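K.L.:
Residue numbers (this note's numbering): 1 to 344.
Quick reminder that beta carbons are idealized off the backbone N, C-alpha and C, glycines included.
What you are looking at is a predicted structure, and each value in this text was computed from that prediction instead of being measured.
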């Protein structure tokens with residue numbers, strides 16, 4: 001079950017965004033320092049970052065580059081090294097179908113903000129990309145980046161210019177000029193659809209890959225399985241704690257002892273296991289509150305006066321102080337900022 005309240009993204013994905021932005025001329029030194037994006041963490045495939053990190057990067061990159069199609073353009077820079085061990089595992093697959101199956105298995109590891117499904121019939125093969133939470137920002141850039149990356153990487157590993165049959169997006173384009181979409185996908189691109197979908201000729205699934213190598217693939221597949229196992233083991237425990245915190249917050253701020261009791265653990269065991277995940281109870285509680293505050297404020301149906309109690313604060317003033325510490329502004333100003341961005 002995906003973690004809806006606290007999505008994370010892989011270091012591999014964050015690294016790719018930073019690399020593309022730098023190649024396009026962005027200077028991200030200041031924000032990398034502010035977000036504590038060290039070379040060590042960015043190059044550790046097991047490290048994950050909260051979705052706020054990716055959002056902050058998108059905000060800075062879009063401001064610096066003034067590229068309204070940055071997400072779409074990230075796909076043009078995709079290479080095997082962009083996806084780490086997965087890239088090499090996919091490249092050494094027997095055919096495109098095997099490579100796609102591997103990529104889809106790995107997609108949730110790359111980013112927890114969306115769900116992908118594959119469908120096949122006699123003539124076509126398609127993949128849908130749907131966000132788990134529409135309140136999260138920058139989904140247009142994410143889905144356009146995913147689709148353009150898949151197409152670019154498929155062309156690269158097949159060593160040929162195969163094109164999709166059709167690309168469909170739920171959103172509208174940022175302008176009436178859609179020639180850049182058509183240039184990248186080389187097929188009809190539709191907007192305002194009921195789902196995000198990319199459709200291919202099913203015969204492409206059997207196209208053999210130029211770098212197919214059974215021995216290399218077996219080694220890379222084993223490494224991918226190891227990475228996924230580490231991710232799933234980590235995610236299960238933290239997800240359980242986060243969801244338990246989320247359920248408890250409307251009743252008041254939970255203590256470590258209360259959470260340990262609900263999770264059927266000794267307090268010292270919970271403390272030790274959180275430490276092993278690189279966090280602690282107070283930090284994790286803050287993260288859950290931050291995520292929920294962002295979600296509630298993005299939804300106008302939640303009165304600001306109710307959000308404090310939903311987050312476990314007994315007084316509105318305590319929530320306001322915490323929010324200013326997190327975002328350097330009031331909850332009302334943050335909500336207004338979101339509404340202004342939606343209208344711009």
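Measuring only the C-alpha atoms, how far is residue 131 from residue 54?
P.N.:
15 Å
K.L.:
If you compare alpha carbons, which of 195, 192 and 200 is closest to residue 185?
P.N.:
200
K.L.:
In the DSSP assignment, what residue or residues form a beta bridge with residue 118?
P.N.:
Looking at the DSSP assignment, residue 118 forms a beta bridge with 127.
K.L.:
Helix or strand or just coil, what does DSSP make of residue 191?
P.N.:
coil
K.L.:
Apart from the five residues just before and just after residue 4, which ones in its own chain have a Cβ nearer than 7 Å to its Cβ?
P.N.:
Legend: pLDDT at residue 4 = 35, less than 50; position of this residue unreliable, no value from coordinates given.
K.L.:
Identify the residues that DSSP records as bridge partners of residue 49: which are they?
P.N.:
9
K.L.:
Could you check what DSSP says for residue 111 in three-state terms: helix, strand or coil?
P.N.:
strand
K.L.:
Just to check my reading of the structure: residue 202 and residue 157 have Cβ atoms closer than 8 Å, yes? What is that Cβ distance to the nearest angstrom?
P.N.:
Taking a contact as a CB-CB distance under 8 Å, the pair residue 202 and residue 157 does not count as one, their CB atoms being some 18 Å apart.
K.L.:
Would residue 311 and residue 292 qualify as a contact pair, given that the criterion is a beta-carbon distance under 7 Å?
P.N.:
yes
K.L.:
What are the boundary residues of the beta strand (DSSP E) that includes residue 168?
P.N.:
166 to 168
K.L.:
Under the rule that 16 or more other beta-carbon atoms within 10 Å means buried, what is residue 277, buried or exposed?
P.N.:
In the assembly as shown, residue 277 is an exposed residue. Its beta-carbon has fewer than 16 other beta-carbons within 10 Å.
K.L.:
Identify every run of the alpha helix (DSSP H) within the stretch 285 to 311, keeping only runs that are complete inside it and at least 4 residues long; order them along the chain.
P.N.:
304 to 310
K.L.:
If you draw a straight line from the alpha carbon of residue 319 to that of residue 313, how long is it in whole angstroms?
P.N.:
Using only the alpha carbons, I get a separation of about 6 Å.
K.L.:
Is it the case that the stretch 40 to 47 contacts the stretch 90 to 99, given that we only count it when at least three CB pairs across the two stretches are under 8 Å?
P.N.:
no
K.L.:
Between which two residues does the alpha helix (DSSP H) carrying residue 183 extend?
P.N.:
179 to 185
K.L.:
Taking just the CA atoms, how far does residue 182 sit from residue 166?
P.N.:
If you take the alpha carbons of residue 166 and residue 182, they lie about 10 Å apart.
K.L.:
Near residue 1, what residues of its chain come up, given a Cβ to Cβ distance below 6 Å and the 5 sequence neighbours on each side ignored?
P.N.:
Confidence at residue 1 is low in this model, with a pLDDT of 25, below 50, so the placement of that residue is unreliable and no value is reported for it.
K.L.:
Closest to residue 282 by CA distance: which of 253, 162, 16 and 211 is it?
P.N.:
253
K.L.:
For the beta strand (DSSP E) containing residue 198, list its first residue and its last residue.
P.N.:
Start and end: 196 to 201.
K.L.:
Nearest-angstrom Cα distance between residue 102 and residue 17?
P.N.:
22 Å
K.L.:
Helix, strand or coil for residue 208? Go by DSSP, reduced to three states.
P.N.:
strand
K.L.:
Taking 8 Å as the cut-off, does the stretch 26 to 39 touch the stretch 47 to 62 (at least 3 CB pairs, one atom from each stretch)?
P.N.:
yes
K.L.:
Please name the residue or residues paired with residue 394 in a DSSP beta bridge.
P.N.:
Past the edges of the chain, shown from 1 to 344, lies residue 394, and the structure says nothing about it.
K.L.:
Of all the options 169, 170 and 151, which has the alpha carbon lying nearest to the alpha carbon of residue 349?
P.N.:
In this structure the chain extends from 1 to 344, so residue 349 is not present and cannot be described.
K.L.:
Looking only at DSSP bridge pairs, what is residue 95 linked to?
P.N.:
208
K.L.:
How would you call residue 221, buried or exposed, if buried means at least 16 neighbouring beta carbons within 10 angstroms?
P.N.:
So residue 221 counts as buried.
K.L.:
Using a threshold of 7 Å, state whether the C-beta atoms of residue 145 and residue 172 are closer than that.
P.N.:
For the 7 Å CB-CB criterion, residue 145 and residue 172 do not form a contact.
K.L.:
By the three-class DSSP mapping on this structure, what secondary structure does residue 174 have?
P.N.:
coil
K.L.:
Thinking C-alpha only, which one of 143, 30 and 7 is nearest residue 195?
P.N.:
Closest option to residue 195, Cα to Cα, is 143.
K.L.:
So, with DSSP's three-state summary, where would you put residue 223?
P.N.:
Note: residue 223 maps to helix in three-state DSSP.
K.L.:
Am I right that residue 249 and residue 271 are in contact with their C-beta atoms under 8 Å? What's the rounded C-beta distance?
P.N.:
Going by Cβ atoms, the distance from residue 249 to residue 271 rounds to 20 Å, so no, they are not a contact pair.
K.L.:
When the Cα of residue 20 is compared with those of 100, 76 and 8, which residue comes out closest?
P.N.:
76
K.L.:
Can you list, in chain order, the residues of its chain with a C-beta nearer than 8 Å to that of residue 228? Leave out the 5 residues immediately preceding and following it.
P.N.:
105, 106 and 109
K.L.:
In this structure, how does DSSP classify residue 328 when only helix, strand and coil are distinguished?
P.N.:
coil
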